[in-house]
Amino acid sequence: MPPATPASTRLPRFVLALASMLVVLVACDRGPVDPARPASKASTSPRVVSLSPALTQALIDLGARDLLVGRTPFAPEEVDAVPVVGDLLDPELERIIAVRPDLLLIQPAASGVDPALRAMAEQRGWSIGTWRINRLRDVEGMVRDLVPLLVAAGADPRPLEAARIAWEADARGQLDAPCPALAEAGELVVLYGVDPPAAFGSGTYLDDVLRRLGGTNAITRPGYPELSLEDLAILDPDTLLVLGDRDRGDLIERRLADAGRQPRVVVLEDGALLVPGTRLVDGVRGLRAAFGCDVTPEAGATP
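Each residue of the sequence shown is one higher than the one before, counting from 1103 in the working numbering.
Structure (structure tokens):
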């Protein structure tokens, strides 16, 4: 993926980090929970290191932020006080040892878990949970599998199960209700980069989201391809969905206008659709709102 444009720096730092990792993770499918040693600590709260911003966000959204003792430098701002212990591609073993974890959460690249980190985990009795998150089903599976892993490591199951059930209900509510306006938007290109353009292709979680809501992805190439302006002009999509701020949308709109193309441009500014994790539900909510098909809570339901 190309370097971020100046306008893109307004997105949250962990969103930018996740966007930069999309190409690294494109060939991955979800991997199983992979304990280096089965955990059994029912009487104590586990000490968790997360080497994935998406998995860190999942801990926050499941109400387990207090279990986190180590994070990447690109983690959400809610955990700024937690020590940095490296990242996916460069775990810092001495720092990880210093925070005395019980459980490591990893979103590995296609090459798998760092061998030195795996050896250290086996030596010290740390459990490892791994998820390769590329499709929507991977996000749903990660939430489903993370809770029992935390419980097996000693976390209180009641609040975790309640949070999981609430998240899954929210996800179903946002994803299972059709969005007719999205279908009527014709062929869409969803851009996570604009200079040069870079899009979500087939076989990605955003492609799954579009299909689930009734939309049509104009990009049939798999993964997260970079495109030229000529590519976009040839595709001639009906709608461009730009993930970022308004400046990014204006930039690509001007460039396409200069090329004689004027698709509808829709901008989503919060960046949640760039995160292949629990925040994806917020992104879908924003996507629905942008196309005017918000989900209306049932009478008496809690918002």
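Note that beta-carbon positions come from the ideal geometry of N, C-alpha and C, so glycine has one too. The structure presented is a predicted model; accordingly, all values stated were derived computationally and were not measured.
Sequence-distant residues of the same chain with beta carbon closer than 8 angstroms to residue i, five excluded per side
i: residue 1170; result: 1150, 1151, 1152, 1158, 1161, 1181 and 1184
i: residue 1282; result: 1316 and 1395
Sub-7 angstroms separation of residue i and residue j beta-carbons
i: residue 1206; j: residue 1235; result: no
i: residue 1299; j: residue 1334; result: yes
i: residue 1337; j: residue 1320; result: yes
i: residue 1327; j: residue 1303; result: yes
i: residue 1378; j: residue 1156; result: yes
i: residue 1192; j: residue 1238; result: no
i: residue 1187; j: residue 1199; result: no
i: residue 1178; j: residue 1257; result: no
i: residue 1347; j: residue 1371; result: yes
i: residue 1322; j: residue 1289; result: no
i: residue 1293; j: residue 1285; result: no
i: residue 1201; j: residue 1172; result: yes
i: residue 1313; j: residue 1341; result: no
Residue i versus the options, residue with shortest Cα-Cα distance
i: residue 1266; options: 1216, 1244, 1303 and 1226; result: 1244
i: residue 1393; options: 1315, 1331, 1319 and 1333; result: 1315
i: residue 1397; options: 1347, 1377, 1271 and 1371; result: 1271
i: residue 1164; options: 1390, 1306 and 1380; result: 1380
i: residue 1391; options: 1368, 1376 and 1378; result: 1368
i: residue 1373; options: 1365, 1222, 1385 and 1189; result: 1385
i: residue 1273; options: 1290, 1361 and 1246; result: 1246
DSSP bridge partner residues for residue i (one or two, in chain order)
i: residue 1231; result: 1207
i: residue 1150; result: 1170 and 1205
i: residue 1341; result: 1290 and 1366
i: residue 1280; result: Looking at the DSSP assignment, residue 1280 forms no beta bridge with any residue, so it has no partner.
i: residue 1193; result: 1188
i: residue 1296; result: 1299
Residues of its chain near residue i, where Cβ-Cβ distance is below 6 angstroms and the 5 sequence neighbours each way are ignored
i: residue 1280; result: 1316
i: residue 1134; result: Residue placement at residue 1134 is poorly supported in this model, since its pLDDT is 45, which falls under 50; the coordinates are not used for a value here.
i: residue 1331; result: 1357 and 1361
Neighbourhood of residue i by C-beta distance below 7 angstroms, restricted to the same chain and skipping five residues each side
i: residue 1387; result: 1276
i: residue 1260; result: none
i: residue 1218; result: 1195
i: residue 1253; result: 1259 and 1262
N- and C-terminal bounds of the beta strand (DSSP E) containing residue i
i: residue 1299; result: 1299–1301
Opening and closing residue of the alpha helix (DSSP H) in which residue i lies
i: residue 1355; result: 1348–1360
i: residue 1245; result: 1238–1254
i: residue 1163; result: 1155–1163
i: residue 1217; result: 1217–1226
i: residue 1311; result: 1307–1315
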